[in-house]
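First comes the structure, then the notes that go with it.
In my numbering, the protein residues as written are 18 to 243.
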């Protein structure tokens, strides 16, 4: 589990974020919950989460698809904009969990954001699940234990910071990041863009900068509309 504390003094905003990964024993899950189809599986899964969420009303629990997650900072920055949007009352959704998906996707379209970052039946079948918790206090061990116990899952190594050329290309395509945009950022780092051996570290840093810019624009657009 990765935990980060935020203390933004300029706007008097304090909160904590945790990111964790678990392995769901899918066969045990469907047997214990008497599940017979995909819809029933998802409904049971979300019903369990809702029960845990109701016990921890001041915290936000959101499971996410990691396909287009660049790294932990992508998640942390999205959480920051969620908290800032609700503080300033310029949130798009009434639910922080949905607002979180909108900022992850840098898009105001709820359906598109849920499709890209919300989990579905295929994620349950894969069994490796990533979730994020946003909370005013550091209560993550308590909530994580509740999640693991209720789902009959176990702790797993967090993989969101592992990158590959294929994942980078998928992220670029989803966020509509062009090579020209990427090269402009890389040049600002002092990197020669005609070098075919540019490391994933620098490429991911440039993509992160561009994703942050898109999040900021989404936030500004909403503030301007109010």
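From the three backbone atoms N, C-alpha and C, an ideal C-beta is built for every residue, glycine too. Computed from a prediction, not measured in an experiment: that's the story for all the values here.
Check, Outcome
"Evaluate contact between the segment 50 to 70 and the segment 200 to 218, counting only Cβ atoms and requiring at least three cross-stretch pairs below 8 Å.", "no"
"Residues in its own chain within less than 6 Å of residue 96 by CB, not counting five upstream and five downstream?", "34 and 151"
"In the DSSP assignment, find the alpha helix (DSSP H) that holds residue 114 and state where it starts and stops.", "113 to 122"
"Are at least three pairs of beta-carbons, each pair with one atom in the segment 151 to 163 and one in the segment 72 to 85, less than 8 Å apart?", "yes"
"Using the DSSP secondary-structure output, state which residues sit across from residue 33 in a beta bridge.", "22 and 152"
"Beta-carbon separation of residue 103 and residue 122 under 7 Å?", "no"
"Can you tell me which of the three DSSP states residue 166 falls into?", "helix"
"In the DSSP assignment, find the unbroken beta strand (DSSP E) run with residue 78 in it and report its ends.", "77 to 81"
"Along the chain, where does the alpha helix (DSSP H) containing residue 103 start, and where does it finish?", "89 to 104"
"So the alpha helix (DSSP H) residue 208 belongs to, where does it begin and stop?", "Residue 208 -> no alpha helix (DSSP H), and no H or E assigned at all."
"For the pair the segment 28 to 44 and the segment 155 to 162, tell me if three or more CB-CB distances fall below 8 Å.", "yes"
"Between which two residues does the alpha helix (DSSP H) holding residue 142 run?", "138 to 143"
"Is it buried or exposed for residue 25, if we count other Cβ within 10 angstroms and need 16 for buried?", "exposed"
"Measure the Cβ-Cβ separation of residue 41 and residue 146 and say whether it is below 7 Å.", "yes"
"The alpha helix (DSSP H) with residue 192 in it runs from where to where?", "Premise fails: residue 192 is in no alpha helix (DSSP H) and is neither H nor E."
"Might you give, ordered along the chain, the residues of its own chain that have their beta carbon closer than 8 Å to the beta carbon of residue 227, omitting 5 neighbours on each side?", "192, 194, 198, 199 and 202"
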